[in-house]
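What follows is a single structure, written as structure tokens, with notes after it.
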Amino acid sequence: MNAQHTSTLRTTITNLLFAAFALCAITSVQAQDRLVVKGNISSKVNTEERTEAVLIASDGEQMQMDISKKGNYMVNVPAQDSYILRFTKNGCVTKEVALDGHYANTKSYGERSLKLDITLETQDLNDPMQYSGPVVEVSFSQMSRDLRIEALNELTPIAAFNDQAVNAE
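Here is the structure:
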């Protein structure tokens, strides 16, 4: 075999390997399961202030969520993780939603969408309250992939949290 044929063969093999690598990379990006949560945030407090929303991933990374003037929001995240959605507004009690995306998708790869509307209650300034944790946990059954929504925590006077902190010291 002469040098020209060897060079052509090397170039062809290199191009084939590069094409195979690129195909694998594209397939793995497209194959990632996604979880899409859409909804509307409303409050019983009529002020010009907008509701703030934060998405917190299981590794602690936080991302500000966009909310439209009408209160609509949407998050599109990798399904194989857990998240907290935190909604706050001045004059309202903060709410958190625990979102476990594991087992969300019913297909091999794809996207699972759900609608989740949130209403923030008015904060009583004379008797301030807060939730002791997430108000709702959204998860999916491992066997059937069915959506599960479970109410978790109730409003508790903030003074009770302060008393617990003092007693723990």
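Here the numbering used here = 1-based position in the sequence shown + 7. C-beta atoms are modelled at their ideal positions from N, C-alpha and C, and glycine is treated no differently.
Here GLN71 has VAL61 as same chain residues with Cβ atoms under 7 Å from its own Cβ, once five neighbours each way along the sequence are excluded. Residue state for ALA86 is assigned as coil, using DSSP reduced to three classes.
Where PRO164 is concerned, the enclosing beta strand (DSSP E) starts and stops at 162 to 164. Taking 3 residues as the minimum length, the beta strand (DSSP E) runs contained wholly in the stretch 69 to 157 are 69 to 71, 79 to 85, 89 to 95, 102 to 107, 118 to 122, 125 to 127, 136 to 138 and 143 to 147, in order along the chain.
Annotation: the continuous beta strand (DSSP E) that includes LEU42 extends over 41 to 50. By the Cβ criterion, the stretch 129 to 139 is not in contact with the stretch 75 to 87, since fewer than three pairs of Cβ atoms, one from each stretch, lie closer than 8 Å. Burial state of ASP73 is exposed, judged by a 10 Å Cβ sphere holding fewer than 16 other Cβ atoms.
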